[in-house]
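To start, the structure itself, in structure tokens.
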Amino acid sequence: MELFGRIERKALDRAVLVHVDFESEDNREDLAEFYELVDSAGAEIGELITTKRSSPDAKYFVGSGKAQDIADAVKLHQADVVIVNHALTPAQERNLERLAQCRVIDRVGLILDIFAQRARSHEGKLQVELAQLRHMSTRLVRGWTHLERQKGGIGMRGPGETQLESDRRLLQERIKQLLKRIDKVRQQRALGRRSRKKSDVPTVTIVGYTNAGKSTLFNQMTTAEVYAEDRLFATLDATLRSVHLPGAGKVILADTVGFIRHIPHDLVVAFRSTLEETSEAQLLIHLVDASDPLREEKMFEVQKVIEEVGAQDVPQLLVFNKIDCLDPAIESKVDFDDQGIPQRVWLSAKLNQGIDELKDAMASFFKGQFVKASVGLPSSAGQQRAQLYALGKVDEETFDEQGHMLVKMTLTRQQWEQVKAWPELISIESL
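Reminder that position 173 of the sequence shown reads as 222 in this note's numbering, one-by-one numbering, no gaps.
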């Protein structure tokens with residue numbers, strides 16, 4: 050592992066897993082999700098060690114007896130790593146490593162490792178490296194304890210920094226470089242958002258717990274071919290595509306990184322520019338795995354992250370995916386409230402069931418912001434005709450006996466005011 054550039058990931062081989070069943074809900078983690086995380090990281094499970102505690106042990110996180118069981122399991126299975134399904138303090142991680150004579154990774158480190166594997170874009174790689182370096186900066190004592198002392202002796206006292214201090218300085222310099230580069234990416238994203246606001250094209254962002262099917266739904270609704278797989282954090286990089294909604298016109302659909310319980314704070318900070326797509330959206334599609342027995346708890350965790358990125362006031366549409374996995378399976382449908390506003394959409398993105406119903410439900414949020422118009426242009430107004438098509442919302446085009454063009458289209462109110470001012474118009478009316 051080098052500190053000068055990109056962190057080189059060491060492939061996980063055989064692992065001993067550690068899971069603690071705490072009485073407090075705040076400290077509790079889901080064991081099934083832990084298995085999925087380990088599988089996503091590519092580790093081979095040697096043994097699972099579980100225990101119950103009321104609170105974490107200050108030294109080993111688990112009790113001293115259970116810590117010795119972990120060390121024995123490492124020797125028995127010749128494990129390369131111990132993975133703990135909880136966040137450890139640097140001291141707890143170091144103490145377990147010394148006892149087990151093996152590398153120890155906590156839940157935060159495991160998630161960061163998965164993110165390092167999944168990042169594909171330049172921006173994603175920068176964000177993951179920043180989160181890794183920030184996490185590492187609190188754990189620099191690993192492997193360097195013999196270098197913590199400065200050179201001493203007569204005539205050699207205090208010559209300079211220790212190896213540990215040197216590593217910390219290199220880390221801080223690299224973090225500063227990454228922050229500058231990520232800030233440039235953030236500015237570029239902000240320019241894109243300002244451009245979309247000027248054109249009055251609304252943004253709809255898909256959010257949800259990891260592996261709820263966001264990328265599959267995104268692919269079904271657009272012509273994108275975003276990588277999608279039935280595993281945690283299959284995709285990290287935000288993707289934007291335009292989608293035409295019936296009766297409402299064009300919107301920008303954004304696919305974002307999946308959320309997870311106790312998401313590392315460093316990741317939320319590092320992915321700030323990506324998550325800003327959520328806070329700047331006009332509508333959030335909160336995608337939920339309908340077949341997940343823990344769906345209510347996961348919906349609550351997603352709401353916590355939405356609040357953390359400042360998107361709690363953005364309107365939400367609940368979409369329950371994977372209805373084909375329910376027992377018994379149900380048909381796609383839309384649930385409305387007393388005012389006829391859609392509240393929940395039930396669909397299967399994998400089987401392409403309910404996609405049209407979802408688009409209709411999304412369109413209902415924006416219909417009041419658009420104008421259906423009929424625009425008449427002379428045959429010589431080819432440039433203006435091209436401008437209308439550039440808006441991307443032409444519904445129908447016909448020609449009269451004089452060769453005049455009659456274009457029926459959907460415009461935003463701002464575009465409607467602009468087109469009304471064209472001097473070449475023969476006629477214009479709202480429908």
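The beta carbon of each residue, even a glycine, is placed where N, CA and C say it ideally should be. The model shown is predicted, which means the values in this text are computed figures rather than measured ones.
Nearest-angstrom Cβ-Cβ length linking residue i and residue j, presumed shorter than 8 Å
| i | j | result |
| --- | --- | --- |
| arginine 63 | glycine 95 | 5 Å |
| isoleucine 132 | aspartate 118 | Rounded, the Cβ-Cβ distance is 15 Å, inconsistent with contact. |
| isoleucine 301 | threonine 265 | Not a contact, Cβ separation roughly 19 Å. |
| glutamate 72 | serine 113 | Contact flag wrong, Cβ pair sits at about 20 Å. |
| leucine 227 | leucine 289 | Actually they do not touch by this definition, with Cβ atoms about 23 Å apart. |
| aspartate 129 | arginine 152 | 7 Å |
| leucine 145 | alanine 116 | 6 Å |
Option nearest residue i by Cα separation, candidates the options
| i | options | result |
| --- | --- | --- |
| leucine 460 | Ser476, Ser423, Ile475 and Val65 | Ser423 |
| phenylalanine 154 | Leu80, His126 and Asn134 | As written in the sequence, residue 154 is isoleucine, which differs from the phenylalanine given in the question. Isoleucine 154 has its Cα closest to that of Asn134, out of Leu80, His126 and Asn134. |
| glycine 452 | Gln464, Gly425 and Lys382 | Gly425 |
| glutamine 269 | Ala330, Leu400 and Gly298 | Leu400 |
| histidine 335 | Glu446, Asp362, Val368 and Thr259 | Val368 |
| proline 472 | Asp444, Gln432 and Tyr438 | Gln432 |
| glutamate 82 | Arg230, Asn260 and Pro295 | Asn260 |
| serine 89 | Ile163, Arg235 and Pro105 | Ile163 |
| glutamate 466 | Ser479, Val456 and Met454 | Ser479 |
| glutamate 215 | Ser186, Arg147, Arg235 and Lys229 | For the sequence presented, residue 215 should be read as serine rather than glutamate. Ranking the options by Cα distance to serine 215, first place goes to Ser186. |
| glycine 359 | Glu329, Leu240 and Pro105 | Glu329 |
| lysine 416 | Lys299, Arg344 and Val354 | Lys299 |
| aspartate 405 | Lys353, Tyr438, Glu380 and Leu294 | Leu294 |
| leucine 333 | Trp395, Gly257, Leu159 and Ala470 | Gly257 |
| glycine 262 | Asp304, Val292, Ile231 and Lys233 | Asp304 |
| leucine 455 | Pro427, Val468, Gln464 and Ala439 | Pro427 |
| glutamine 352 | Ile309, Val394, Leu375 and Phe448 | Ile309 |
| alanine 430 | Leu474, Ser413 and Lys108 | Leu474 |
| aspartate 449 | Tyr109, Ser476 and Asp409 | Ser476 |
| glutamine 236 | Glu172, Phe349 and Phe414 | Glu172 |
| isoleucine 255 | Glu446, Met411, Glu78 and Tyr438 | Met411 |
Cross-strand partners of residue i (DSSP beta bridge)
| i | result |
| --- | --- |
| isoleucine 94 | Ala64 |
| glutamine 428 | It should be pointed out that residue 428 corresponds to serine in this sequence rather than to glutamine. DSSP, once it has assigned bridges, lists no residue as partnering serine 428. |
| serine 103 | Bridge partners of serine 103: none, in fact. |
| lysine 371 | BP columns for lysine 371 are empty, so no partner. |
| leucine 336 | Gly257 and Val368 |
| lysine 299 | His293 |
| glutamate 478 | Ser423 |
| glutamine 402 | Ser397 |
| phenylalanine 71 | Arg102 |
| leucine 460 | Val420 |
| threonine 288 | Asp304 |
Residue i in three-state terms, based on DSSP
| i | result |
| --- | --- |
| glutamate 446 | strand |
| aspartate 304 | strand |
| arginine 393 | strand |
| isoleucine 132 | strand |
| lysine 108 | coil |
| leucine 161 | helix |
| phenylalanine 414 | coil |
| valine 383 | strand |
| alanine 180 | helix |
| arginine 230 | helix |
| histidine 453 | coil |
| glutamate 197 | Its pLDDT being 44, under 50, glutamate 197 is placed unreliably by the model, and nothing is read from it. |
| arginine 147 | helix |
| glutamine 388 | coil |
| threonine 252 | strand |
| valine 123 | helix |
| glutamine 331 | coil |
| aspartate 118 | helix |
| isoleucine 309 | coil |
| arginine 152 | strand |
| glycine 209 | Bear in mind that a pLDDT of 49 at glycine 209, under 50, signals an unreliable position, so the number given afterwards is only what the model happens to contain. Reduced to three states, the DSSP call for glycine 209 is coil. |
| glycine 192 | The predicted position of glycine 192 is uncertain, since its pLDDT is 43 and thus under 50; a value taken from the coordinates is nonetheless stated next. It is coil, neither helix nor strand. |
| glutamate 142 | helix |
| isoleucine 203 | Residue placement at isoleucine 203 is flagged as unreliable, the pLDDT there being 44, under the threshold of 50; the coordinate-derived value follows with that caveat. In this structure, isoleucine 203 counts as coil in the three-state DSSP scheme. |
| leucine 219 | helix |
| glycine 359 | coil |
| aspartate 376 | coil |
| lysine 469 | helix |
| threonine 272 | coil |
| glycine 173 | helix |
| glutamate 85 | helix |
| alanine 435 | helix |
Chain D within 9 Å of residue i, Cβ atoms only
| i | result |
| --- | --- |
| leucine 289 | Here chain D cannot be found, since the structure has a single protein chain. |
Check whether the segment 365–383 touches the segment 335–350, taking contact to mean three or more Cβ pairs, one atom from each stretch, closer than 8 Å. Segments in contact, yes.
Counting pairs of Cβ atoms below 8 Å between the segment 378–393 and the segment 345–364, do you hit three or more? Look at the beta carbons and you see the segment 378–393 not touching the segment 345–364: under three pairs across the two are nearer than 8 Å.
Closer than 8 Å is the cut-off here; do at least three beta carbon pairs connect the segment 212–224 with the segment 375–384? No contact exists between the segment 212–224 and the segment 375–384.
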